[in-house]
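Have a look at the structure below before the remarks.
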Amino acid sequence: MQDDYFFVLPTLSAFCDSETYISKKDELAQLESFLAENDIDELEMVLGSSIGVEIAMEFISSGAHEFNHGFIDGGMFAKIGGLARKMLAPVLYKTIGKIDKTNGDSLKEIFWTDEDEIKPYFVEAARNLDKDSMNNMMKDMLTKDAYPKLSPATQQKMVFEFGTSEDHFKYRKDVMRSYPNAAFPVFKKYDHMQYQIEDPEGFAQMLRTIIETGEMPKLPMLR
């Protein structure tokens with residue numbers, strides 16, 4: 095796909111060297127600035143993965159840029175109270191920090207796989223994460239606020255994929271109620287971002303099919 099499309103691959107500031115996550119609004123402003131500086135005003139697809147879905151949904155709901163397709167993979171969509179998020183922040187910080195200290199050997203404590211191919215990415219992210227970033231993330235992510243509003247026309251561009259084995263599969267019905275005009279494919283016995291991690295080429299081909307046809311391809315894991 096890289097021969098046919100120009101990719102913009104933003105990384106959450108929390109996981110970048112010498113950067114601190116401030117807020118979703120700040121992340122969105124950085125992305126908007128990059129797109130403006132590079133004269134990008136229309137996108138073929140917006141892809142959001144894992145915690146990055148929080149930023150992707152803010153970007154999509156802002157309506158600042160035209161896009162033809164949206165794909166959400168591994169969205170968490172949890173609604174957690176403020177006190178619980180405040181208490182969760184130091185626990186998550188310690189657990190994630192352990193990934194760096196153990197050179198990835200503790201990854202399986204919080205993730206479904208610890209294959210050697212993905213360890214370096216998690217180790218680097220854990221090393222770059224500071225307390226301020228973690229605290230700020232827990233202030234404005236996974237809140238009890240309503241999901242971002244999307245018009246019926248925008249919803250029709252969206253695909254929200256869930257795996258039956260991931261913890262956040264339980265929020266699928268809530269997301270469906272919020273975006274009744276979107277598509278909600280289910281991957282049987284797949285965990286958090288599993289297809290993207292285990293078969294990146296297959297995942298990319300799936301995205302290409304959506305771009306070219308507007309439909310999900312027929313995949314063996316689809317429920």
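So the sequence shown is numbered by our numbering: it starts at 95 and just counts up by one. By construction, the Cβ of each residue, glycine as well, lies at the ideal position given by its N, Cα and C atoms.
query	result
DSSP state of Ile204 mapped onto helix, strand, coil	coil
Span separating the alpha-carbon of Tyr99 from that of Ala183	37 angstroms
Cross-strand partners of Gly142 (DSSP beta bridge)	Ile166
Collapsed DSSP secondary structure at Met252 in the structure displayed	strand
Contacts around Ile193, its chain only, beta-carbon distance under 7 angstroms, and the 5 residues preceding and following it disregarded	Ser200, Leu201, Phe216, Val217 and Ala220
DSSP three-state assignment for Ala240, whether helix, strand or coil	coil
Span separating the alpha-carbon of Glu209 from that of Gly169	22 angstroms
The region 275-290 in contact with the region 249-257 per 3-pair CB rule at 8 angstroms	yes
Status (buried if at least 16 other CB within 10 Å, exposed otherwise) for Gln288	buried
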